[in-house]
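Mind the numbering: the sequence shown is residues 1 to 437 in the UniProt record's numbering, read in order.
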Amino acid sequence: MFQSTSGGNGSGGGAGLGDSAFHNGFLHGGVSGGAQLTRSRPRRGTRRRQHDQGGGASDPRVSQLRDHQDTERHPRPCTDFDVAYFNSYAHLGIHEEMIKDRARTDTYKNAIFQHQDQIAGKVVLDVGCGTGILSIFCAQAGAKRVYAVDASDIAVQANEVIKANNLSDTVIVLHGRVEDVEIDEKVDVIVSEWMGYMLLYESMLGSVITARDRWLKPGGLILPSYATLYMAPVSYPERYSESIDFWRNVYGIDMSAMMPLAKQCAFEEPSVEMISGENVLTWPHVVKHVDCLTLTIEELQTVSTRFTFKSMMRAPFHGFAFWFDVEFGNPSVNNSKSNNAQPALVAAPDDTATETNKSKKRANPSEGLVLSTAPEAPPTHWQQTLIYFYDPIEVEQDQVIEGSVTLTQSMENARFMNVHLEYSSGGRSFVKESVMR
């Protein structure tokens, strides 16, 4: 569920933007308050149903945590929020949605077999294995051994799938967090489908980093290897009309008094939905580029960038869209961790794309396979994440839109993500704050 942060975890309304600033799309002193909207559409990692906690130890091949813990390590405690998150992935519907996403699953399969020379005869770790499908792909690619780790009870069913495919001698299911389980050897390859909405929602990438630091051999491979988060202004009159203008005339009755509340309910929270390339007003801006070999957990706590866009057309500007690519490439030539190493999250440039690089959608493109969730790419279950304004801004062709966006892990729950947007255009400045829950 995505829920607003009006009056919550945000930093307050319009600080530093002057008297003309708007907060969450409303002029200060106007409509405020946080309407909470619960959507019925199932989302990854967000279901909160009661289910049977038993069965985890029913099969000896579903390995449990050891009684002792490594005294030299201090893994992050497993919170109630973590338990609820893991429980949400015990439900088959989430895994069915992901597996039926052909763009996702086919790209992972193709990437694994494209790197078969680095997987065959090697040890692989699958972080967040779910039903075990990626572990099976790795076994089919000739892996000597695959450790399939998942903290959810879906690990029990994954083990049954492994047995049904006669792979129990190759794939070992570990039921627990990567922060807690024990593996007595280093691994050559880590594979994981860790991406959440807006790339970083759910904070599962931190578990991949933990697994890398605990077990990956020097020069090892991580699939996917890189990720890039993008944003762009969008125009979507149909969506605005459907949610807001509807109230102007309801069976001949003037219900426009409902419009302020309708705007809150429809646009207070980030929305996961599908748009097309025709909705995008400008070339995209790279919010962050991630190198999975060098990224640190600390870098995930706050991601920030400034942006400058130039509208390619005259249109109503309804909000910002976010999407991501991941690339399945080879490790960087120099993956050593030195004091002089560049940060894995590379800040995007402040200016707009030039004529020579407008077509480049990745910060460091190479020949690796790419899984894209861009509006013009084949649809995926991630779709795009939209942050709408309460009222659109009319922009002219070549009008500049500038500002900044900051993504931070919520203090309430690290798997939540706070979004702070500051933007200005046509002499007006605005602030929009929200949280993805």
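Where is the CB? At the ideal position from N, CA and C, for every residue including glycine.
Residue environment, residue i, which counts as buried when at least 16 other CB atoms sit within 10 Å
| i | result |
| --- | --- |
| residue 251 | exposed |
| residue 166 | exposed |
| residue 79 | exposed |
| residue 428 | exposed |
| residue 436 | buried |
| residue 261 | exposed |
| residue 524 | Outside the shown range of the chain (1 to 437) lies residue 524, about which nothing can therefore be said. |
| residue 198 | buried |
| residue 249 | exposed |
| residue 146 | buried |
| residue 277 | exposed |
| residue 290 | buried |
| residue 158 | buried |
| residue 350 | Confidence at residue 350 is low in this model, with a pLDDT of 40, below 50, so its placement is unreliable and the value that follows should be read with caution. That one is exposed. |
| residue 92 | exposed |
| residue 268 | buried |
| residue 77 | exposed |
| residue 253 | exposed |
| residue 426 | exposed |
Presumed contact (8 Å Cβ cut-off) between residue i and residue j, rounded CB distance
| i | j | result |
| --- | --- | --- |
| residue 111 | residue 380 | No, residue 111 and residue 380 are not in contact; Cβ-Cβ is about 15 Å, not under 8 Å. |
| residue 126 | residue 192 | 7 Å |
| residue 415 | residue 81 | 6 Å |
| residue 316 | residue 375 | With 8 Å as the limit, residue 316 and residue 375 do not qualify as a contact, their Cβ atoms being about 17 Å apart. |
| residue 393 | residue 270 | Wrong, their Cβ atoms sit about 19 Å apart, outside the cutoff. |
| residue 89 | residue 152 | 4 Å |
| residue 139 | residue 105 | Residue 139 to residue 105, Cβ: 16 Å. No contact. |
Proximity of residue i and residue j at Cβ, strictly below 7 Å
| i | j | result |
| --- | --- | --- |
| residue 433 | residue 404 | no |
| residue 281 | residue 225 | no |
| residue 439 | residue 368 | In the structure as shown, the chain begins at 1 and stops at 437. Residue 439 is therefore absent and cannot be evaluated. |
| residue 211 | residue 189 | no |
| residue 382 | residue 230 | no |
| residue 107 | residue 371 | yes |
| residue 302 | residue 385 | no |
| residue 175 | residue 155 | yes |
| residue 209 | residue 297 | yes |
| residue 172 | residue 215 | no |
| residue 399 | residue 304 | no |
| residue 292 | residue 244 | no |
| residue 241 | residue 247 | no |
| residue 84 | residue 116 | no |
| residue 309 | residue 162 | no |
The beta strand (DSSP E) enclosing residue i, as first and last residue numbers
| i | result |
| --- | --- |
| residue 216 | 216–223 |
| residue 387 | 384–395 |
| residue 428 | 428–436 |
| residue 315 | 315–328 |
| residue 309 | 302–310 |
| residue 254 | Where residue 254 is concerned, there is no enclosing beta strand (DSSP E), given that its DSSP letter is neither H nor E. |
| residue 418 | 417–425 |
| residue 226 | 226–234 |
| residue 147 | 145–150 |
| residue 291 | 285–291 |
| residue 172 | 171–175 |
| residue 203 | From DSSP, residue 203 is part of no beta strand (DSSP E); its letter is neither H nor E. |
Selection from the options that minimises the alpha carbon distance to residue i
| i | options | result |
| --- | --- | --- |
| residue 150 | 181, 168 and 209 | 181 |
| residue 187 | 207, 163 and 144 | 144 |
| residue 470 | 398, 426 and 410 | This structure does not reach residue 470, given that the chain is present from 1 up to 437, and the question cannot be answered. |
| residue 195 | 213, 169 and 227 | 227 |
| residue 232 | 101, 96, 87 and 318 | 318 |
| residue 286 | 293, 325 and 218 | 325 |
| residue 279 | 239, 128, 217 and 216 | 239 |
| residue 389 | 398, 413, 396 and 424 | 424 |
| residue 220 | 290, 74, 277 and 123 | 123 |
| residue 417 | 313, 377 and 300 | 300 |
| residue 95 | 75, 113, 109 and 133 | 133 |
| residue 430 | 391, 217 and 413 | 391 |
| residue 397 | 86, 406 and 313 | 313 |
| residue 185 | 295, 206, 161 and 217 | 217 |
| residue 206 | 295, 119 and 253 | 295 |
| residue 75 | 101, 163, 213 and 168 | 213 |
| residue 377 | 265, 307, 274 and 118 | 274 |
| residue 373 | 114, 272, 119 and 87 | 272 |
Residue-chain proximity (residue i, chain B), Cβ-Cβ < 7 Å
| i | result |
| --- | --- |
| residue 183 | Among the protein chains of the structure shown there is no chain B, as only one such chain exists. |
Extent of the continuous alpha helix (DSSP H) to which residue i belongs
| i | result |
| --- | --- |
| residue 104 | 102–114 |
| residue 238 | 237–243 |
| residue 159 | 154–164 |
| residue 188 | No alpha helix (DSSP H) holds residue 188; the beta strand (DSSP E) holding it covers 187–192. |
| residue 409 | Run containing residue 409: none in the alpha helix (DSSP H); it sits in the beta strand (DSSP E), 400–409. |
| residue 126 | That residue, residue 126, is in no alpha helix (DSSP H); its beta strand (DSSP E) goes 123–127. |
| residue 83 | 80–88 |
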